[in-house]
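According to the working numbering, the residues represented by the sequence shown are 28 to 182, in order. Using N, Cα and C, we set each Cβ at its ideal position, and we do this for glycine too. Here's the structure we're looking at; comments come further down.
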Amino acid sequence: MPGLPEHPKPQAEEGGAPEQCGAAVQHRLPEYNPGMASPLIVVRDLRVAYGAKVAVENVSFEVNAGEILGYLGPNGAVKSSTVKVLCGMNAPTSGSVTVCGFDVAKDPLEVKRRLGYVPESGALYESLTVEEHLLLIGRLYRLGDAEILDRARRY
Numbered sequence: 028m029p030g031l032p033e034h035p036k037p038q039a040e041e042g043g044a045p046e047q048c049g050a051a052v053q054h055r056l057p058e059y060n061p062g063m064a065s066p067l068i069v070v071r072d073l074r075v076a077y078g079a080k081v082a083v084e085n086v087s088f089e090v091n092a093g094e095i096l097g098y099l100g101p102n103g104a105v106k107s108s109t110v111k112v113l114c115g116m117n118a119p120t121s122g123s124v125t126v127c128g129f130d131v132a133k134d135p136l137e138v139k140r141r142l143g144y145v146p147e148s149g150a151l152y153e154s155l156t157v158e159e160h161l162l163l164i165g166r167l168y169r170l171g172d173a174e175i176l177d178r179a180r181r182y
């Protein structure tokens, strides 16, 4: 885009191709200082199981202020399950995940306030009613329940 500085394309570390299952590609933006302590995202020994099926096993990584992280891999390579835990949509079976210092298992609403997530299959939580979804989104914007429901009735 005109007027925006060009940044070098992210490269995989030597010996690690981005196409590999669960490979992470990180790139540091020059002169970026959001004023927050690093790291902003910390994933430690994450494990996600759905019954007897283990979807994520022993995943750990950090994302510091000013970094862009690409989490790459083929279908079934733990990406979606990891991201759903990061966003507070699913709870980890074990391990820990923090975003801006907030634990996703203990404070998922604060995590949701700090992340933007575009899911691959729509932006609605399938387990929520329409009213529950509106309340969730309104609360993310720090609106009171009465105002959320009033706005919903007006529109």
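Helix, strand or coil, according to DSSP, for R178 in the structure here? As a position in the sequence shown, residue 178 is number 151, starting the count at 1. R178 falls in the helix class under three-state DSSP.
State the DSSP-derived secondary structure class of G165, mapped to helix, strand or coil. Position 138 of the sequence shown, counted from the first residue, corresponds to residue 165. Helix.
So V75 and N117 are in contact, right, with Cβ under 8 Å, and what is the actual spacing, rounded? Taking the sequence shown and counting its residues from 1, one reaches residue 75 at position 48. Taking the sequence shown and counting its residues from 1, one reaches residue 117 at position 90. 7 Å between Cβ atoms; contact.
Any idea what DSSP makes of D172, helix, strand or coil? In the sequence shown, counting from the first residue as 1, residue 172 sits at position 145. In the structure shown, D172 sits in a helix (DSSP, three-state: H, G or I).
Buried or exposed (CB count within 10 angstroms, at least 16 for buried), Y98: Here residue 98 refers to the residue found at position 71 of the sequence shown. So Y98 counts as buried.
Buried or exposed for S3, please, with buried defined as at least 16 other CB atoms from any protein chain shown within 10 angstroms of its CB. No information on residue 3 is available, as it lies outside the stretch 28 to 182 that the chain covers here.
Excluding the 5 residues flanking T125 on each side, which residues of the same chain have their C-beta closer than 8 Å to its C-beta? Sequence index remark: in the sequence shown, residue 125 carries index 98 (1-based). Around T125: I68, V69, V131.
With DSSP collapsed to three states, give me the class of T109. For the purposes of this step, residue 109 is identified with residue 82 of the sequence shown, where counting begins at 1. Residue state, collapsed to three classes: helix.
Residues near A179 by beta carbon distance below 6 Å, same chain, minus five either side: By 1-based counting over the sequence shown, the position of residue 179 is 152. Once the five neighbours on either side are set aside, the close Cβ partners of A179 are L161.
Between the Cα of G110 and those of E94, N91, V138, A92, spot the shortest distance and give me the residue it belongs to. As a working mapping, residue 110 is identified with position 83 in the sequence shown. The identity of residue 110 in the sequence shown is Val, whereas the question assumes Gly. Checking every option, the nearest Cα to that of V110 belongs to V138.
For E89: DSSP bridge partner residues: Counting from 1 along the sequence shown, the entry for residue 89 is found at position 62. Paired residue(s): V69.
Where DSSP assigns a beta bridge to R74, which residues make up the other side? Locating residue 74 in the sequence shown gives position 47, where the first residue counts as 1. Answer is S121.
Can you give the Cα-Cα distance for P119 and K106, rounded to whole angstroms? The sequence position of residue 119 within the sequence shown is 92, counting from 1. The sequence position of residue 106 within the sequence shown is 79, counting from 1. Taking the straight line joining both Cα atoms gives about 14 Å.
Looking at R71 and S123, is the spacing between their C-beta atoms short of 8 Å? Reading the sequence shown from its first residue, position 96 is the one you call residue 123. Reading the sequence shown from its first residue, position 44 is the one you call residue 71. It is a contact, given that the beta carbons lie within the stated cut-off.
Tell me the rounded alpha-carbon separation between E185 and G128. Lying outside 28 to 182, the shown extent of the chain, residue 185 is not represented and no answer is given.
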